[in-house]
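Following: one structure in structure tokens, then a few remarks.
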Amino acid sequence: MQIEATINNQKMTLEVAPDELLSDALRARGFLSIRQGCDTSCCGLCTVWIDGKPTLSCTTLAFRVKGKHITTIEGVRQQAEEFAQVLAAEGAEQCGFCSPGFIMTVLAMKQELKNPTEQEIIHYLTGNLCRCTGYLGQLRAIKKYLGGA
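Structure below.
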């Protein structure tokens, strides 16, 4: 089936199968920042924004984004690089496999929450897994990035 969607501010026509996942559809079209790690919708690696809200693309059927705005990390490159620099400065960056989904979630949190508490940050990040870190460096980096530390 053919659908139209706006991906990173560019209107696109996509040919998708009825059972095709958004993560697969995006990767097939060159958006290689979309990763899959768990196949159970609990790791956050595949996070994209659909109409500005962080969404797991591995559990979203591609045809459901018809007429919607999809944003991948490629579409927010400058903001992503700014936060990635803070992550690195805080010693919180490891292998980088989880970074695109994690960064998309943090950038969405910045837009949605004003002056979040540590508990609100932790709650917002529930579902973003990193197998390399103990999360303390990432939490430090997030607080610094949001201006709270």
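In UniProt numbering, the protein residues as written are 1 to 149. Where is the CB? At the ideal position from N, CA and C, for every residue including glycine.
query, result
"Segment contact flag, the stretch 49-63 with the stretch 130-140, C-beta cutoff 8 angstroms, min 3 pairs", "no"
"For Lys53: DSSP bridge partner residues", "Ile50"
"Alpha helix (DSSP H) segments (min. 4 residues) lying fully within the stretch 87-143", "99-112, 118-124"
"Alpha-carbon to alpha-carbon, Met109 and Tyr124", "7 angstroms"
"Per DSSP, cross-strand counterpart(s) of Glu74", "Glu74 is not bridged to any residue."
"Opening and closing residue of the beta strand (DSSP E) in which Ala5 lies", "2-7"
"Distance between beta carbons of Gly101 and Cys42, contact taken as under 8 angstroms", "Actually they do not touch by this definition, with Cβ atoms about 12 angstroms apart."
"Closest by C-alpha distance to Thr55, when choosing among Pro18, Thr105, Gly37, Ala141", "Thr105"
"Closest residue to Phe97 among Gln36, Gly137, Asn9 (Cα-Cα distance)", "Gln36"
"Which listed residue (Ser57, Leu136, Gly91, Ile73) has its alpha carbon closest to that of Ile103", "Ile73"
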